[in-house]
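Below: one structure, written as structure tokens.
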Amino acid sequence: MEFILGQTGDGLKLKGVHWTSDIKDICIVFTPGMTGNIIEDNYPQIWGEYFSKNKIGFLYGHNRGYSHINEIEVLNKITNEIENKKFGTVYEKFEDSYYDVDLWINKAKSLGYKRIILLGHSLGCNKNVYFLNKENNELVKGLILASPPDIVGMMKNKKFQPNYKILLKEAKELEMKHSNRLMRNLTWDWYNLSSTTFLNMIEDESLIDIFPLIRNPEKFKIFEKVKLPILCFLAEDDNIIESPKKDLDLLKKKALNCNSFESKIFKDTDHCYENKELEVAETILNWIKKIIN
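When the letters of the sequence shown are read in order and numbered with our numbering, they come out as residues 40 to 332.
Okay, here's the thing in structure tokens:
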């Protein structure tokens, strides 16, 4: 395992962790979800060690949304000086995630890998699909969706967000005074999001609205464009809309241009696949062997 440093197209200096492979052929590029960071995320550490032993590289790429709040060095392209700026989940702007995914795909390429599998967890699934919608990178051979969330639906649905109207009112009031201020009220009883980030996550058919399971429109306009083989899985205790099976069946139905969609439900585990990390890794490895000759 080695720590590596990269710089995004818009100047952010981000750190990643690379589990090397003896054979520089396939690399899994991992995009974490909200607040995800390598120090606290146990399951990708187990995955990284497993894939490295099986001659597949694993690259955990931090993005600007790692941890609740963080401070990242940014290159000012006008002055060519380094500035420190606040980022993190609470300040994240979803569309900027393109630069982060792009960085780690290019980093895997520079490390010598010839084929890439994009693996996203939770919001990382949305980020990877958004990237693929903007750019057809020939190195990417497959897409893994680990617990893909209906972010917009869960933000507004009473089952998940009973205080949505209170949050919306506060966010709009803050934006009128000072944009990007942290909100007092909690999103999902956990996140003190900034008003700008909150409003960035609630619009139907917005860029983040990749998996609109609750609204269930005729087409999932961004998701349906994915042509790569897809492995999609959920935990039994996860962010479930109807049921794990119904959610996966609907996602398969909406993946109109995907010619290979496999899914699985991991029982007796949670959103981070606790105590099932190796079972998940084995499932991923077997799937990769199927789609890559």
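Think of the CB as a built atom: it goes at the ideal place given N, C-alpha and C, for glycine as much as any other residue.
Rounded to the nearest angstrom, what separates L346 and A185 at their Cα positions? Outside the shown range of the chain, which is 40 to 332, sits residue 346, and nothing can be said about it.
Below 8 Å between beta carbons: does that hold for K264 and E244? no
Tell whether a beta-carbon distance below 8 Å holds between L44 and G100. no
Compare the C-beta of N278 with all C-beta atoms of chain B and state if any pair is closer than 8 Å. As a matter of chain content, chain B is missing from the structure shown, which is built from one protein chain.
Where does N325 fall in DSSP's three states? helix
Could you please give me the residues that DSSP links to L98 through a beta bridge? H57 and V68
Relative to the C-alpha of I78, which candidate in S106, I304 and G48 has its C-alpha closest? Relative to I78, the option among S106, I304 and G48 whose CA is nearest is S106.
Three-state class that DSSP yields for T226 in the structure shown: strand
Can you tell me where the alpha helix (DSSP H) with Q46 in it begins and where it stops? Not the alpha helix (DSSP H): Q46 falls in the beta strand (DSSP E), residues E41 to Q46.
Under the DSSP definition of a beta bridge, which residues are partnered with C271? L184 and S302
Does E134 come out as helix, strand or coil in the three-state DSSP assignment? helix
F259, DSSP secondary structure in three states: Three-state DSSP puts F259 in coil, outside helix and strand.
Let's test the definition: count the other Cβ atoms within 10 Å of the Cβ of M215 and tell me whether it reaches 16, buried, or not, exposed. exposed
So, at 7 Å on beta carbons, what are the nonlocal neighbours of W227 in its own chain, with the 5 sequence-adjacent residues on each side left out? F199 and Q200, listed in sequence order.
For K208, write down the residues that DSSP places opposite it in a beta bridge. K208 is not bridged to any residue.
Any alpha helix (DSSP H) of 4 or more consecutive residues that is wholly inside the region 72–96: 81–92
Can you give the Cα-Cα distance for K94 and S60, rounded to whole angstroms? If you draw a straight line from the Cα of K94 to the Cα of S60, it is about 5 Å long.
Which residues does DSSP list as the beta-bridge partners of R154? DSSP, once it has assigned bridges, lists I65 as partnering R154.
Select from L53, K146, N76 and C164 the residue whose C-alpha is nearest the C-alpha of N123. L53
Look up V113 in the DSSP assignment and give the residues it is bridged to. L51 and E122
Return the CA-CA distance between V140 and E134, expressed in angstroms with no decimal places. 11 Å
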